[in-house]
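Under full-length UniProt numbering, read the sequence shown as residues 1 to 502, first letter to last.
The block underneath contains the structure these notes are about, expressed in structure tokens.
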Amino acid sequence: MQYQSTRDFGKSVSAAQAIAQGICEDGGLFVPQSIPKLGWQDLEKMRKCTYMERAEKILSMFLTDFSAEEIRSAVQAAYAEEKFPGGPTQLSMLQEGACTMYLLELWHGPTCAFKDMALQLLPHLLTKSLQKIHSDQTAVILVATSGDTGKAALEGFKDVLGTKILVFYPQDGVSPMQKRQMLTQEGGNVAVCAIEGNFDDAQTGVKKIFTDTSICSTLQAHGMLFSSANSINLGRLLPQIVYYVSAYCDLMETGEIDREGEQVNIVVPTGNFGNILAAYYAKQMGLPVKKLICASNANNVLTDFLHTGVYDRNRAFYTTISPSMDILISSNLERLLSNLTSSDVQVREWMRQLSKQGRYQVDADTLKKLQALFWGGCSSDVQTKEEIRELYQTENYLCDPHTAVAVHVYKQYVSETGDSETPAILASTASPYKFADSVLQAITGSIGEKDDFAKIAELSAITGTQIPAPIAALEKKTVRFSDSCRPAEMAQKTLELTGADA
Ligand SMILES: *Cc1c(COP(=O)(O)O)cnc(C)c1O
């Protein structure tokens, strides 16, 4: 299995090269030349397997330059019981009216967000990839975060030999708990810096640094090379395919799915389009998926795109209560367009327009394909809070704002299409305790002046749910980082913090 750039199909590289490099020199993203197939029999076989066995099977189909043993040891280290007490994922069923929702809880890992599912595995894949391409350089993992990636990447890479990690986050664009999680990060190879800007500024800055030949050669001269832990890295995407297939197998195992090829809908609260792209890949592999439902918050650039075929980032940017989705440039959409058009020339042109004019329009044929696969909707903060309250009051289920966006959009989908019979798997992407402020406000109506930990304690007392241990532990940790810079200074900051400015 080889991987090629979305912007130039002429060159292809191994999985190890793609993972080590993160992004292509031409600014494109690595995509598989073809998507491997899973038949019904494979699903039948996998239904009896553990999560780790399912992960091994699926990853081995993509990572053909890795040995079975290499994949096994990486998977076992990533999803060990001490990292994910009670198992990597949990499926909670909710019945509301005619709709059956399976909430696929992906946040039982060390940082309480779904990013752990990929970022606990990525460091193992990356260090093996570096060995395979015979690199003895230190990998500098450069991360732009809208809140959760940063912490999950820091936790995954802390003290991993042969790596350094540097995280940029938007100064006012993350929740208090997300900020505290990052600023108290332990480890000898980690650094965190705030950006005076939003997530798009951070992501654009990081992409620029990756493709800046002068910075790359300065780094090289100091024995280092850049890599990425953002969802532009193939090594982030592949582990995310696993849980959709695994959830389907779980539903087969419990008998909820009892006919060959029985379809499910998959609903994903979407920002950078990584998580939903993984669901699309699962569908392309052969998982019986009817619609991929793309849920956005007030930053609804994707909702509009799926309705009109026009991607237009020239619009107001909103800071919402689901900050991990406050994104106007959804990077991984480029991978989908590559797959739908099979044209590097076309994708290159659209991406050129996006970077020059902030806008592009896909052709009618591509729009038709998009609409056959996807359904898009959005949820305002008011609707999201109502959803949190309603789920809590009627189902006794406490969910975070990102998950509530998905639930809200799923209900829109059902009411507009009447499709309530198809069971739905909804990606539940974060613990409610990461966003205690908004969640508490949603269920109690108001909160007074309290510090973050008082809010967490109150949320626990009111709902009788437990504070996740990694969040409870933050109160006693010391803040280690206070750097900040303007977007234009990110390159200089990177050289400074990696020690390559000497
Ligand atoms: C990152 C994140 C998302 C968005 O996922 P994408 O892969 O960027 O679309 C949604 N919810 C939470 C809690 C996240 O951390």
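Cβ coordinates follow ideal geometry from the N, Cα and C atoms, glycine included.
Since the structure is predicted, the reported quantities are computational estimates derived from the model, not experimental observations.
Residue i vs residue j beta-carbon contact at 9 Å
{"i": "residue 272", "j": "residue 293", "result": "no"}
{"i": "residue 220", "j": "residue 137", "result": "yes"}
{"i": "residue 501", "j": "residue 193", "result": "no"}
{"i": "residue 244", "j": "residue 282", "result": "yes"}
{"i": "residue 296", "j": "residue 376", "result": "yes"}
{"i": "residue 331", "j": "residue 20", "result": "no"}
{"i": "residue 181", "j": "residue 497", "result": "no"}
{"i": "residue 404", "j": "residue 104", "result": "no"}
{"i": "residue 438", "j": "residue 175", "result": "yes"}
{"i": "residue 320", "j": "residue 381", "result": "yes"}
{"i": "residue 459", "j": "residue 433", "result": "yes"}
{"i": "residue 309", "j": "residue 251", "result": "no"}
{"i": "residue 230", "j": "residue 144", "result": "yes"}
{"i": "residue 385", "j": "residue 442", "result": "yes"}
{"i": "residue 51", "j": "residue 89", "result": "yes"}
{"i": "residue 23", "j": "residue 163", "result": "no"}
{"i": "residue 467", "j": "residue 444", "result": "no"}
{"i": "residue 537", "j": "residue 215", "result": "The chain is shown from 1 up to 502; residue 537 falls before or after that span and cannot be answered."}
{"i": "residue 311", "j": "residue 259", "result": "no"}
{"i": "residue 187", "j": "residue 234", "result": "no"}
{"i": "residue 394", "j": "residue 96", "result": "yes"}
{"i": "residue 301", "j": "residue 413", "result": "no"}
Spatial neighbours of residue i in its chain, beta-carbon cut-off 6 Å, leaving aside the 5 residues before and after
{"i": "residue 93", "result": "102"}
{"i": "residue 374", "result": "292, 294 and 306"}
{"i": "residue 100", "result": "423"}
{"i": "residue 284", "result": "35"}
{"i": "residue 81", "result": "none"}
Residue i in three-state terms, based on DSSP
{"i": "residue 225", "result": "strand"}
{"i": "residue 375", "result": "strand"}
{"i": "residue 21", "result": "helix"}
{"i": "residue 479", "result": "coil"}
{"i": "residue 103", "result": "strand"}
{"i": "residue 316", "result": "coil"}
{"i": "residue 305", "result": "helix"}
{"i": "residue 8", "result": "strand"}
{"i": "residue 53", "result": "helix"}
{"i": "residue 140", "result": "strand"}
{"i": "residue 265", "result": "strand"}
{"i": "residue 211", "result": "coil"}
{"i": "residue 179", "result": "helix"}
{"i": "residue 1", "result": "coil"}
{"i": "residue 168", "result": "strand"}
{"i": "residue 60", "result": "helix"}
{"i": "residue 259", "result": "coil"}
{"i": "residue 465", "result": "coil"}
{"i": "residue 293", "result": "strand"}
{"i": "residue 443", "result": "helix"}
{"i": "residue 123", "result": "helix"}
{"i": "residue 298", "result": "coil"}
{"i": "residue 310", "result": "strand"}
{"i": "residue 196", "result": "coil"}
{"i": "residue 388", "result": "helix"}
{"i": "residue 88", "result": "coil"}
{"i": "residue 360", "result": "strand"}
{"i": "residue 32", "result": "strand"}
{"i": "residue 185", "result": "coil"}
{"i": "residue 216", "result": "helix"}
{"i": "residue 163", "result": "strand"}
{"i": "residue 399", "result": "coil"}
Cβ distance (whole Å) where residue i is taken to contact residue j below 8 Å
{"i": "residue 55", "j": "residue 75", "result": "5 Å"}
{"i": "residue 165", "j": "residue 195", "result": "No, residue 165 and residue 195 are not in contact; Cβ-Cβ is about 16 Å, not under 8 Å."}
{"i": "residue 313", "j": "residue 329", "result": "6 Å"}
{"i": "residue 207", "j": "residue 185", "result": "Not a contact, Cβ separation roughly 23 Å."}
{"i": "residue 400", "j": "residue 430", "result": "4 Å"}
{"i": "residue 108", "j": "residue 85", "result": "7 Å"}
{"i": "residue 191", "j": "residue 481", "result": "7 Å"}
{"i": "residue 169", "j": "residue 120", "result": "Residue 169 to residue 120, Cβ: 20 Å. No contact."}
{"i": "residue 2", "j": "residue 31", "result": "Contact flag wrong, Cβ pair sits at about 10 Å."}
{"i": "residue 261", "j": "residue 38", "result": "Contact flag wrong, Cβ pair sits at about 12 Å."}
{"i": "residue 269", "j": "residue 325", "result": "6 Å"}
{"i": "residue 147", "j": "residue 323", "result": "5 Å"}
{"i": "residue 209", "j": "residue 491", "result": "5 Å"}
{"i": "residue 114", "j": "residue 126", "result": "The Cβ separation is near 19 Å, so there is no contact."}
Beta-carbon proximity list for residue i, same chain, < 7 Å, skipping 5 on both sides
{"i": "residue 58", "result": "241, 242 and 245"}
{"i": "residue 223", "result": "137 and 138"}
{"i": "residue 217", "result": "none"}
{"i": "residue 511", "result": "Residue 511 lies beyond the stretch modelled for the chain, which goes from 1 to 502, so this question has no answer here."}
{"i": "residue 17", "result": "133"}
{"i": "residue 62", "result": "1, 15, 32, 36 and 238"}
Residues near residue i in its chain [Cβ-Cβ closer than 8 Å; skip 5 each side]
{"i": "residue 457", "result": "467"}
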